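Structure first, then comments.
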Amino acid sequence: EADETLREMEEELKYAPLPFRNQMMSKIRAYRRDLSMFQRELRSTDLGLGPGSQGDIKYGIFSTENEQSTHLQSQRVLLLQGTDSLNRASQSIERSHRIAAETDQIGTDIIEELGEQREQLERTKSRLVNTSENLSKSRKILRSMSRSKNTLLVGDFIVLLQLHSSKSKHHCVGFSTGVQLIFSSLLN
(Lines of atoms letter the chains of each structure in order from A; the text may use other names.)
(Lines give C-alpha, C1' and ligand atoms only; values in the text may rest on other atoms or scores of the structure.)
Protein backbone atom coordinates (compact mmCIF):
# COMPACT_ATOMS: atom_id res chain seq x y z
CA GLU A 1 0.00 0.00 0.00
CA ALA A 2 2.85 2.40 0.79
CA ASP A 3 4.49 1.59 -2.56
CA GLU A 4 1.22 2.38 -4.31
CA THR A 5 0.94 5.70 -2.47
CA LEU A 6 4.51 6.61 -3.45
CA ARG A 7 3.77 5.81 -7.10
CA GLU A 8 0.62 7.97 -7.00
CA MET A 9 2.60 10.81 -5.45
CA GLU A 10 5.25 10.57 -8.17
CA GLU A 11 2.49 10.60 -10.79
CA GLU A 12 0.92 13.73 -9.25
CA LEU A 13 4.29 15.48 -9.19
CA LYS A 14 4.46 15.38 -12.98
CA TYR A 15 1.83 18.16 -13.02
CA ALA A 16 3.25 20.24 -10.16
CA PRO A 17 5.28 23.46 -10.67
CA LEU A 18 9.00 22.81 -11.22
CA PRO A 19 10.46 24.25 -7.96
CA PHE A 20 7.89 22.40 -5.89
CA ARG A 21 8.38 19.22 -7.96
CA ASN A 22 12.14 19.05 -7.25
CA GLN A 23 11.63 19.59 -3.53
CA MET A 24 8.92 16.94 -3.27
CA MET A 25 10.84 14.40 -5.39
CA SER A 26 13.70 14.48 -2.89
CA LYS A 27 11.20 13.90 -0.06
CA ILE A 28 9.61 11.00 -1.94
CA ARG A 29 13.04 9.43 -2.47
CA ALA A 30 13.70 9.72 1.27
CA TYR A 31 10.29 8.14 2.01
CA ARG A 32 11.05 5.32 -0.43
CA ARG A 33 14.40 4.65 1.32
CA ASP A 34 12.67 4.67 4.72
CA LEU A 35 9.98 2.32 3.43
CA SER A 36 12.59 -0.09 2.04
CA MET A 37 14.40 -0.05 5.37
CA PHE A 38 11.13 -0.71 7.26
CA GLN A 39 10.24 -3.55 4.91
CA ARG A 40 13.68 -5.17 5.30
CA GLU A 41 13.48 -4.89 9.07
CA LEU A 42 9.95 -6.27 9.07
CA ARG A 43 10.99 -9.25 6.92
CA SER A 44 13.98 -9.97 9.12
CA THR A 45 11.76 -9.72 12.19
CA ASP A 46 9.14 -12.04 10.66
CA LEU A 47 11.87 -14.54 9.74
CA GLY A 48 13.29 -14.41 13.22
CA LEU A 49 10.05 -15.39 14.98
CA GLY A 50 9.90 -19.03 13.90
CA PRO A 51 11.34 -21.82 16.07
CA GLY A 52 14.93 -22.76 15.27
CA SER A 53 15.49 -19.70 13.11
CA GLN A 54 18.19 -17.06 13.30
CA GLY A 55 16.00 -15.12 15.71
CA ASP A 56 16.84 -17.67 18.36
CA ILE A 57 20.54 -17.23 17.63
CA LYS A 58 20.23 -13.48 17.63
CA TYR A 59 18.44 -13.30 20.95
CA GLY A 60 19.95 -16.42 22.37
CA ILE A 61 18.32 -18.56 24.98
CA PHE A 62 17.44 -15.50 27.07
CA SER A 63 15.05 -14.26 24.42
CA THR A 64 11.41 -14.10 25.37
CA GLU A 65 8.27 -13.69 23.39
CA ASN A 66 7.75 -10.32 25.06
CA GLU A 67 11.02 -8.93 23.64
CA GLN A 68 10.12 -10.19 20.20
CA SER A 69 6.65 -8.73 20.48
CA THR A 70 8.08 -5.37 21.57
CA HIS A 71 10.48 -5.36 18.64
CA LEU A 72 7.65 -6.23 16.23
CA GLN A 73 5.46 -3.53 17.76
CA SER A 74 8.19 -0.89 17.33
CA GLN A 75 8.61 -1.95 13.70
CA ARG A 76 4.86 -1.58 13.15
CA VAL A 77 4.90 1.86 14.76
CA LEU A 78 7.75 2.93 12.48
CA LEU A 79 5.90 1.58 9.45
CA LEU A 80 2.71 3.39 10.46
CA GLN A 81 4.68 6.60 10.97
CA GLY A 82 6.19 6.22 7.51
CA THR A 83 2.76 5.60 5.99
CA ASP A 84 1.35 8.61 7.83
CA SER A 85 4.21 10.74 6.56
CA LEU A 86 3.53 9.54 3.01
CA ASN A 87 -0.16 10.37 3.39
CA ARG A 88 0.66 13.91 4.55
CA ALA A 89 3.01 14.37 1.60
CA SER A 90 0.30 13.07 -0.75
CA GLN A 91 -2.20 15.56 0.68
CA SER A 92 0.36 18.33 0.28
CA ILE A 93 0.82 17.41 -3.37
CA GLU A 94 -2.95 17.38 -3.89
CA ARG A 95 -3.22 20.86 -2.35
CA SER A 96 -0.40 22.08 -4.59
CA HIS A 97 -2.15 20.60 -7.61
CA ARG A 98 -5.39 22.40 -6.66
CA ILE A 99 -3.51 25.69 -6.16
CA ALA A 100 -1.82 25.28 -9.55
CA ALA A 101 -5.21 24.65 -11.20
CA GLU A 102 -6.70 27.73 -9.48
CA THR A 103 -3.71 29.84 -10.55
CA ASP A 104 -4.12 28.59 -14.10
CA GLN A 105 -7.82 29.54 -14.05
CA ILE A 106 -7.02 33.01 -12.68
CA GLY A 107 -4.43 33.49 -15.43
CA THR A 108 -6.96 32.44 -18.07
CA ASP A 109 -9.54 34.87 -16.66
CA ILE A 110 -7.01 37.72 -16.67
CA ILE A 111 -6.05 37.01 -20.30
CA GLU A 112 -9.73 37.01 -21.33
CA GLU A 113 -10.35 40.28 -19.47
CA LEU A 114 -7.31 41.90 -21.08
CA GLY A 115 -8.58 40.79 -24.49
CA GLU A 116 -11.95 42.41 -23.79
CA GLN A 117 -10.25 45.61 -22.64
CA ARG A 118 -8.14 45.66 -25.80
CA GLU A 119 -11.24 45.38 -27.97
CA GLN A 120 -12.87 48.18 -26.00
CA LEU A 121 -9.79 50.40 -26.44
CA GLU A 122 -9.73 49.70 -30.18
CA ARG A 123 -13.42 50.66 -30.47
CA THR A 124 -12.73 53.86 -28.49
CA LYS A 125 -9.78 54.67 -30.74
CA SER A 126 -11.96 54.16 -33.82
CA ARG A 127 -14.60 56.50 -32.38
CA LEU A 128 -11.94 59.13 -31.62
CA VAL A 129 -10.63 58.93 -35.19
CA ASN A 130 -14.18 59.38 -36.51
CA THR A 131 -14.75 62.30 -34.13
CA SER A 132 -11.50 63.92 -35.24
CA GLU A 133 -12.52 63.57 -38.90
CA ASN A 134 -15.94 65.05 -38.14
CA LEU A 135 -14.34 67.98 -36.28
CA SER A 136 -12.06 68.67 -39.26
CA LYS A 137 -15.07 68.70 -41.59
CA SER A 138 -16.93 70.99 -39.17
CA ARG A 139 -14.00 73.43 -39.09
CA LYS A 140 -13.92 73.55 -42.89
CA ILE A 141 -17.66 74.18 -43.02
CA LEU A 142 -17.41 76.92 -40.37
CA ARG A 143 -14.54 78.59 -42.24
CA SER A 144 -16.51 78.44 -45.46
CA MET A 145 -19.56 79.89 -43.71
CA SER A 146 -17.42 82.62 -42.15
CA ARG A 147 -15.99 83.55 -45.55
CA SER A 148 -19.46 83.59 -47.08
CA LYS A 149 -20.71 85.77 -44.24
CA ASN A 150 -17.76 88.14 -44.62
CA THR A 151 -18.37 88.31 -48.37
CA LEU A 152 -22.02 89.16 -47.77
CA LEU A 153 -21.07 91.82 -45.24
CA VAL A 154 -18.58 93.33 -47.66
CA GLY A 155 -21.24 93.35 -50.35
CA ASP A 156 -23.70 95.02 -47.97
CA PHE A 157 -21.15 97.66 -47.03
CA ILE A 158 -20.35 98.37 -50.63
CA VAL A 159 -24.03 98.83 -51.35
CA LEU A 160 -24.36 101.11 -48.33
CA LEU A 161 -21.27 103.02 -49.36
CA GLN A 162 -22.59 103.59 -52.84
CA LEU A 163 -25.92 104.67 -51.48
CA HIS A 164 -24.29 107.02 -49.09
CA SER A 165 -21.86 108.42 -51.62
CA SER A 166 -24.63 109.18 -54.01
CA LYS A 167 -26.50 111.18 -51.36
CA SER A 168 -23.67 113.22 -50.07
CA LYS A 169 -20.28 113.68 -51.66
CA HIS A 170 -18.58 115.56 -48.85
CA HIS A 171 -19.48 113.05 -46.07
CA CYS A 172 -18.23 110.23 -48.23
CA VAL A 173 -14.55 110.62 -47.31
CA GLY A 174 -15.13 110.12 -43.54
CA PHE A 175 -17.61 107.34 -44.10
CA SER A 176 -15.39 105.46 -46.55
CA THR A 177 -12.47 105.59 -44.11
CA GLY A 178 -14.70 104.00 -41.42
CA VAL A 179 -15.85 101.33 -43.86
CA GLN A 180 -12.26 100.54 -44.81
CA LEU A 181 -11.39 100.04 -41.13
CA ILE A 182 -14.35 97.70 -40.68
CA PHE A 183 -13.38 95.69 -43.80
CA SER A 184 -9.79 95.33 -42.72
CA SER A 185 -10.86 94.04 -39.30
CA LEU A 186 -13.27 91.56 -40.91
CA LEU A 187 -10.68 90.20 -43.30
CA ASN A 188 -8.11 89.71 -40.58
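Counted the way UniProt numbering counts, the sequence shown spans residues 1 to 188.
The beta carbon of each residue, even a glycine, is placed where N, CA and C say it ideally should be.
From a predicted model like this one, the values you see are computed outputs, not experimental measurements.
| Item | Value |
| --- | --- |
| May I ask you to verify whether the stretch 27-38 touches the stretch 118-128, counting CB pairs closer than 8 Å and requiring at least 3? | no |
| When you compare each of S69, R88, L128 and D3 to residue 217 by their alpha carbons, which one comes out closest? | This structure leaves residue 217 out entirely; the chain is present only between 1 and 188. |
| For the alpha helix (DSSP H) containing E10, list its first residue and its last residue. | A2 to L13 |
| Under 8 Å by Cβ, that's how I've got L114 and Y31 pegged, so tell me the actual separation to the nearest angstrom. | 42 Å between Cβ atoms; not a contact. |
| Compute the Euclidean distance between the alpha carbons of A101 and L80, then round it to the nearest angstrom. | 31 Å |
| Should L163 go down as buried or exposed, given a rule of 16 or more other Cβ atoms within 10 Å for buried? | exposed |
| DSSP on P17, reduced to helix/strand/coil? | coil |
| From F20 to E11, what does the alpha carbon distance come to, in whole angstroms? | 14 Å |
| For L78, collect the residues of the same chain with a Cβ closer than 6 Å to its Cβ; drop the 5 residues on either side in sequence, then sort them by chain order. | F38 |
| Exposed or buried, what is I28 when buried is set at 16 or more other beta-carbons lying within 10 Å of its beta-carbon? | buried |
| For M145 and E133, I'd like the C-alpha separation in whole angstroms. | 18 Å |
| Going straight from the alpha carbon of T5 to that of I106, what length do you get? | 30 Å |
| Given that a residue counts as buried once 16 or more other Cβ atoms are within 10 Å of its Cβ, and exposed if not, what is I158? | exposed |
| Alpha carbon to alpha carbon, how far is L18 from D84? | 25 Å |
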